Structure formats: structure tokens, C-alpha cells
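What follows is a single structure, written as C-alpha cells, with notes after it.
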Amino acid sequence: AQSVTQLDSQVPVFEEAPVELRCNYSSSVSVYLFWYVQYPNQGLQLLLKYLSGSTLVKGINGFEAEFNKSQTSFHLRKPSVHISDTAEYFCAVSDSEGAQKLVFGQGTRLTINP
Amino acid sequence: EAQVTQNPRYLITVTGKKLTVTCSQNMNHEYMSWYRQDPGLGLRQIYYSMNVEVTDKGDVPEGYKVSRKEKRNFPLILESPSPNQTSLYFCASSLWGRGLTDTQYFGPGTRLTVL
Numbered sequence: 011a012q013s014v015t016q017l018d019s020q021v022p023v024f025e026e027a028p029v030e031l032r033c034n035y036s037s038s039v040s041v042y043l044f045w046y047v048q049y050p051n052q053g054l055q056l057l058l059k060y061l062s063g064s065t066l067v068k069g070i071n072g073f074e075a076e077f078n079k080s081q082t083s084f085h086l087r088k089p090s091v092h093i094s095d096t097a098e099y100f101c102a103v104s105d106s107e108g109a110q111k112l113v114f115g116q117g118t119r120l121t122i123n124p
Numbered sequence: 147e148a149q150v151t152q153n154p155r156y157l158i159t160v161t162g163k164k165l166t167v168t169c170s171q172n173m174n175h176e177y178m179s180w181y182r183q184d185p186g187l188g189l190r191q192i193y194y195s196m197n198v199e200v201t202d203k204g205d206v207p208e209g210y211k212v213s214r215k216e217k218r219n220f221p222l223i224l225e226s227p228s229p230n231q232t233s234l235y236f237c238a239s240s241l242w243g244r245g246l247t248d249t250q251y252f253g254p255g256t257r258l259t260v261l
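So the protein sequences, as listed, match chains W and U. Residue 44 in the working numbering sits at position 34 of the first sequence, and the numbers go up by one each step. Residue 239 in the working numbering sits at position 93 of the second sequence, and the numbers go up by one each step.
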């Protein structure tokens, strides 16, 4: 069975500082990996996804993530954050066996301080 | 505008009073799903549907029912709500369900409180 662990429940950073949100997964088969963002009082929207190919994936709003198969990780990074990046971020996994669901991590709340 | 809509957005009810949360998408998506979001637990899937008249259980289906009579609609039914169903509920849809490589589009959420 798949599972996702987001290692930090909260991450406070200063504006214009770099940030990394960590995500580890477990799965016995090939996986598809996603990062979703939830702004306050809104639904989730896709930031980026890894399906195959290049392990470095670029998404919207300057975010990128790197798929590391040997470490079963898919960490999200941004070199310089803005106040508007304040949100909750969710890592999610589905697998190539056709399981009809996304398995989400617990979420990481990113707070940007001026 | 392509979107997933949910109604109501907020609901306070009492134990045992049947309720329905509606979900509708206008993107002709095959796959629809319901999640609940609880602090510290992320999102957990309740039910999903691969197409009209095809539904299946997710990870936490107890106490919920769904139906998919039309492609665009996927209502969530709580026959006898209990306080442990107090949560934030999201409906989502994607073009296809198999393998779930497609982006899922989420509704704005329904905050349910059961007293």
C-alpha cells in the first residue's frame, strides 16, 4: 500500500528566503507524484506533478520538485518565497497499477514572515 | 469557466438528520471523488466514481453514500450524520481515473458541523 509522509507540519520562513518542503513516499510499484497547494479558505490546486522522464519538475509560481527514487522522496523547493506563498501544501501519490485514488500526506503549513 | 461546484459551502446540522452535499463539474470529466480533510490527517478519500453508475469505496466510506446518475453530478449523502463526521469535505474531478495521472480539480469545500 502507498503512503506519504510530509516531514514538517509547519514551516516558517522569512520573505525572499529559500524554502524546501519535504515529502517521502512508500510504494512497491512505479509512482506518480504530485504537489497541491491550498490557499486559505480555498480548494486545492495543482502545483506540479511527476509522471516520468526528467526527475526535476517545474511547476507554477516558481516552485520545483525533484523526484529521487533511491531516497523515495519528492521535495518541493522555491528559491525565494513571497507573502502570497502562505498556504498549506500537500504531497500526494498514485501508482501505475491503476489504484483509483490519490494518497495525500498530512500537509505542511508554510508561513511567510515579512 | 471550468469548475467544480459544491453546495452548501457551510452546514451545521444535528445528529441523525439526513443531509446531501451536492457536487457538479462542467468539464465532462469521467472521474469524480469525495475527500474529507481533518487536521493532521491530510485528505482521505471517501468514495470515487470512474463513470456514470460506477462507484467504489475509498479509504473512509463508513457512514457515507454516493450516486452517479449523471456524468456531471456526484452527490455525497450522509444518511444519519454523527459528530465524528464533522469535517471539511472536498469534491474533485479529473478527465480519467485510471492511473490518476491527470490533474484533479477540486471544489471550494463544504465545512460540515454535526452537533
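Each residue gets a CB set at the ideal place from its N, CA and C atoms; glycine is no exception. All values derive from a computational prediction rather than experimental measurement.
Legend entry - Rounded separation between Arg-182(U) and Val-47(W) - CA only: Working through the second sequence from its first residue, we reach residue 182(U) at position 36. Working through the first sequence from its first residue, we reach residue 47(W) at position 37. Taking the straight line joining both Cα atoms gives about 16 Å.
Inset, instruction - Mind checking the stretch 185-198 of chain U against chain W and listing, in chain order, the residues whose C-beta falls within less than 7 Å of any C-beta there? - result: Gly-186, Leu-187, Gly-188, Leu-189, Gln-191, Tyr-194, Met-196
Inset, instruction - Look up Gln-48(W) in the DSSP assignment and say whether it is helix, strand or coil. - result: Within the first sequence, residue 48(W) is the residue found at index 38, counting from 1. Looking at Gln-48(W) - three-state DSSP - the assignment turns out to be strand.
Legend entry - Cβ-based burial, Ser-13(W) [other Cβ within 10 Å; buried from 16]: Counted from its first residue, the first sequence places residue 13(W) at position 3. Its Cβ having fewer than 16 others within 10 Å, Ser-13(W) is exposed.
Inset, instruction - Report the residue from Leu-261(U), Cys-237(U), Thr-247(U), Arg-257(U) whose alpha carbon sits nearest the alpha carbon of Leu-54(W). - result: Here residue 54(W) refers to the residue found at position 44 of the first sequence. The shortest C-alpha separation from Leu-54(W) is found at Cys-237(U).
Legend entry - Spatial distance of Pro-89(W) from Val-160(U) (CA atoms): Taking the first residue of the first sequence as 1, we reach residue 89(W) at position 79. Taking the first residue of the second sequence as 1, we reach residue 160(U) at position 14. So the two alpha carbons sit approximately 48 Å from each other.
Inset, instruction - Identify every residue that forms a DSSP beta bridge with His-85(W). - result: Start at 1 with the first residue of the first sequence, and residue 85(W) comes out as number 75. Glu-76(W), per the DSSP bridge assignment.
Inset, instruction - Measure the CB-CB distance between Lys-111(W) and Gln-191(U) and report whether it falls below 8 Å. - result: Translated into the one-based positions of the first sequence, residue 111(W) becomes position 101. Translated into the one-based positions of the second sequence, residue 191(U) becomes position 45. Yes.
Inset, instruction - Anything in chain U within Cβ reach of Phe-100(W), meaning under 8 Å, just list it in chain order. - result: Position 90 of the first sequence holds residue 100(W). In chain order: Gly-188, Leu-189.
Legend entry - Gln-231(U), DSSP secondary structure in three states: As a working mapping, residue 231(U) is identified with position 85 in the second sequence. Helix.
Inset, instruction - Indicate whether at least one CB of chain U lies closer than 8 Å to the CB of Phe-73(W). - result: Translated into positions along the first sequence, residue 73(W) becomes position 63. Cβ-Cβ to chain U under 8 Å: no for Phe-73(W).
Legend entry - Reference Ser-240(U); option with closest CA among Cys-101(W), Glu-74(W), Leu-56(W): Locating residue 240(U) in the second sequence gives position 94, where the first residue counts as 1. For Ser-240(U), the nearest C-alpha among the options comes from Leu-56(W).
Inset, instruction - State the start and end residues of the unbroken beta strand (DSSP E) segment that holds Tyr-210(U). - result: Translated into positions along the second sequence, residue 210(U) becomes position 64. Counting along the chain, Tyr-210(U) falls outside any beta strand (DSSP E), and DSSP gives it neither H nor E.
Inset, instruction - Can you give me the start and stop residues for the beta strand (DSSP E) that Ala-97(W) sits inside? - result: Start at 1 with the first residue of the first sequence, and residue 97(W) comes out as number 87. Where Ala-97(W) is concerned, the enclosing beta strand (DSSP E) stretches over 97-105.
Legend entry - beta strand (DSSP E) runs wholly inside the stretch 152-193 of chain U, at least 3 long, in chain order: 156-159, 165-171, 177-184
Inset, instruction - Kindly indicate the opening and closing residues of the beta strand (DSSP E) around Leu-66(W). - result: Here residue 66(W) refers to the residue found at position 56 when the first sequence is read from its first residue. It spans 66-68 - the beta strand (DSSP E) in which Leu-66(W) sits, taken as one unbroken run.
Legend entry - Near the ligand ZN: Val-212(U) beta-carbon under 7 Å from a heavy atom: Annotation note on the ligand ZN: not contained in the displayed structure, which lists no ligands.
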